[in-house]
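Okay, so the sequence shown: first residue is 1 according to my numbering, each after it adds one. Ideal Cβ placement from N, Cα and C applies to all residues, glycine included.
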Amino acid sequence: MSPQELRESSLYPTEFIVKDTDLEVVSFNYDVDSVTFTYETSVTDAATFWTEISSRSEESRWKVLDSEGNVRRYERLLPPREGSMGYYSAEDLRIAYDPKAGRVMVAWVQSDSSKPVNRFEEADDTEVRYARETVWPGFEEQIEAWSLAADD
Numbered sequence: 001m002s003p004q005e006l007r008e009s010s011l012y013p014t015e016f017i018v019k020d021t022d023l024e025v026v027s028f029n030y031d032v033d034s035v036t037f038t039y040e041t042s043v044t045d046a047a048t049f050w051t052e053i054s055s056r057s058e059e060s061r062w063k064v065l066d067s068e069g070n071v072r073r074y075e076r077l078l079p080p081r082e083g084s085m086g087y088y089s090a091e092d093l094r095i096a097y098d099p100k101a102g103r104v105m106v107a108w109v110q111s112d113s114s115k116p117v118n119r120f121e122e123a124d125d126t127e128v129r130y131a132r133e134t135v136w137p138g139f140e141e142q143i144e145a146w147s148l149a150a151d152d
């Protein structure tokens, strides 16, 4: 997937892209709707960055689940789209921001469910398992690498 495809798709969480340059798709999976991408941002003030993210995410019905330092976890639960086959959508997203380097990483997974769910973890087991076993460990590994690089 190219950065342009990411930007132009209504499926992916582009509301988490703020004043970017060098957008890079790290990984994606069409079978399990997921994408991990990084970019550099010109926003170097953490308060300003998170205020912008909050504004954009709230407009798109994202809810903050966890917040620790410059890492956030969001979730969005949506009813079936009009004209769809009646599937509910559950999305989980992690975002990390390194204000010193102006780096951002976003990892996102979307899962379908034939019934309403209260949490992403209650949605389709295959997609939830893929997130738990592949997407989130990759995200954590990259964040750890950033931390180690910052300590050098």
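Give the DSSP bridge partners of residue i, in chain order.
i, result
"ASN29", "SER34"
"GLU68", "VAL71"
"VAL143", "Correcting the residue type first, residue 143 is Ile in the shown sequence and not Val. None, per the DSSP bridge assignment."
"THR21", "GLU40"
"GLU91", "ARG76 and GLN110"
"LYS63", "GLU75"
"TYR97", "VAL104"
Can you tell me the Cβ-Cβ gap for residue i and residue j, rounded? I've got them flagged as a contact below 8 angstroms.
i, j, result
"TYR74", "SER57", "6 angstroms"
"LEU153", "PRO13", "The first residue shown for the chain is 1 and the last is 152, placing residue 153 beyond what the model contains."
"PHE120", "ALA90", "4 angstroms"
"ILE117", "TYR88", "Ile is not the amino acid found at residue 117; the sequence shown has Val there. 6 angstroms between Cβ atoms; contact."
"ARG103", "THR38", "7 angstroms"
"ALA107", "ASN70", "15 angstroms between Cβ atoms; not a contact."
Within 8 angstroms of any Cβ in chain C, is that where the Cβ of residue i sits?
i, result
"ARG76", "In summary, chain C is missing from the structure at hand, where a single protein chain is found."
Below 6 angstroms CB to CB, which residues in the same chain sit around residue i once its five sequence neighbours on both sides are set aside?
i, result
"SER27", "THR36"
"TRP146", "ASP98"
"SER42", "LYS19"
"GLY86", "PRO80"
Can you name, in chain order, every residue of its own chain whose Cβ lies under 8 angstroms from the Cβ of residue i, other than the five neighbours on each side?
i, result
"TYR130", "ASN29, VAL32, SER34 and VAL109"
"GLU11", "Rather than Glu, the amino acid found at residue 11 in this sequence is Leu. Contacts found: ASP33 and GLN110."
"ARG61", "ARG76 and LEU78"
"ARG7", "THR14, ILE17 and LEU23"
"ASP66", "ARG72 and ARG73"
"GLU59", "GLU15"
Mind checking which residues open and close the alpha helix (DSSP H) that includes residue i?
i, result
"SER54", "46 to 59"
"ARG7", "3 to 8"
Which residues mark the beginning and the end of the beta strand (DSSP E) in which residue i is found?
i, result
"ARG87", "The sequence given here has Tyr at residue 87, not Arg. Here TYR87 belongs to no beta strand (DSSP E), and DSSP marks it neither H nor E."
"GLU133", "No beta strand (DSSP E) holds GLU133; DSSP gives it neither H nor E."
"ARG103", "103 to 113"
Sorted by chain position, which residues of the same chain lie with C-beta nearer than 7 angstroms to residue i's C-beta, five sequence neighbours on each side aside?
i, result
"GLU127", "VAL32, VAL109 and SER111"
"ASP124", "SER111, ASP112 and SER113"
Segment contact, 8 angstroms Cβ cut-off, at least three pairs: the region 46 to 55 with the region 13 to 23 = Judged by Cβ distances under 8 angstroms, the region 46 to 55 makes contact with the region 13 to 23, as three or more pairs qualify.
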